[in-house]
Amino acid sequence: MSEGDEDERGFFGERFAVPTPLPISQPPEAPKPHYLGHRDRLRERFAAVGAEAMADYELLELLLFRLIPRADTKPVAKALLMRFGSISEVLGAPVALLQEVKGIGPSVALDLKIIAATARKMARGEIAKREILSSWTQVLEYCRTAMAFEQREQFRILFLDKKNTLIADEVQQTGTVDHTPVYPREVIKRALELSATALILLHNHPSGDPTPSRADIDMTKTIIDIAKPLGISIHDHIIIGRHGVASMKGLQLI
821 MSEGDEDERG FFGERFAVPT PLPISQPPEA PKPHYLGHRD RLRERFAAVG
871 AEAMADYELL ELLLFRLIPR ADTKPVAKAL LMRFGSISEV LGAPVALLQE
921 VKGIGPSVAL DLKIIAATAR KMARGEIAKR EILSSWTQVL EYCRTAMAFE
971 QREQFRILFL DKKNTLIADE VQQTGTVDHT PVYPREVIKR ALELSATALI
1021 LLHNHPSGDP TPSRADIDMT KTIIDIAKPL GISIHDHIII GRHGVASMKG
1071 LQLI
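First residue of the sequence shown: 821, per this note's numbering; consecutive thereafter.
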């Protein structure tokens, strides 16, 4: 091969040499949302100190972590408590009212109601194991959770045996926003069917004010008059509202 051929080969070899590939630049890593570290810290705190040492909004946050996986749940938890007042009242609130809070959609509202149903089962299990009159705080908390935010009046009865332990918890009637028809003879009939020897009557006031009406008092006295000759005691009639609980016995109305 001549010297000219070598020069030509070298010329074209350099000209058409495969260039060295440039390194591919990686896109900058997106910063992690600030709430992820907060979630880990809150879980660790719960594991370390337990529920009693935590604020209500923090416990509600812990519930919302699983329901709202990609958002900061602290403002949602605080908004729920501001709207309803307590964790038990948040869980007792109807789906429609829950969805009025920013950040709570239909699926999250339904999930909260599933949690509420589980909590009610647990609470009812607790009072079912105990003598009711010695567990009054748990009874009131259970009833508030179950009824305080119902949009229609419910008339509920706790049927007790001779040891004042729970036989059954039944909603006997559901009415309108301000009235529930109650039939005293049906109340006593059901008590006899269950062999109950004592009753606790309950109903809610959707208006929020638990003050007993004249009709509430008269109806309760009628039930007492029918029950007494049959050996059935009426321990109390409790009225539940969003703003509190009223005991007719405590108010000396019965």
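Glycine residues also receive a C-beta, built at the ideal position from the N, C-alpha and C atoms.
In the structure shown, Leu882 falls within a helical segment according to DSSP collapsed to helix, strand and coil. Positions of the beta strand (DSSP E) runs, each at least 3 residues long and wholly inside the segment 964-1048, are given as 974-980, 986-994 and 1018-1024 in order along the chain. Around the Cβ of Glu970, a 10 Å sphere holds 16 or more other Cβ atoms; the residue is buried. The residue among Leu980, Ile1052 and His1063 with its C-alpha nearest the C-alpha of His1025 is His1063.
Under the DSSP definition of a beta bridge, Asp1056 partners with Ile1020. In the structure shown, the three-state DSSP call for Ala875 is coil. In the structure shown, the three-state DSSP call for Gly945 is helix. Here Val869 is actually not in contact with Leu884; their C-beta atoms are around 20 Å apart, not less than 8 Å. Closest by C-alpha distance to Glu951, out of Phe979, Ile1052 and Val928, is Phe979. DSSP places Gly857 within a helical segment (H, G or I) once states are collapsed to three. Going by DSSP, Ala1066 is part of the beta strand (DSSP E) stretching over Gly1064 to Ser1067.
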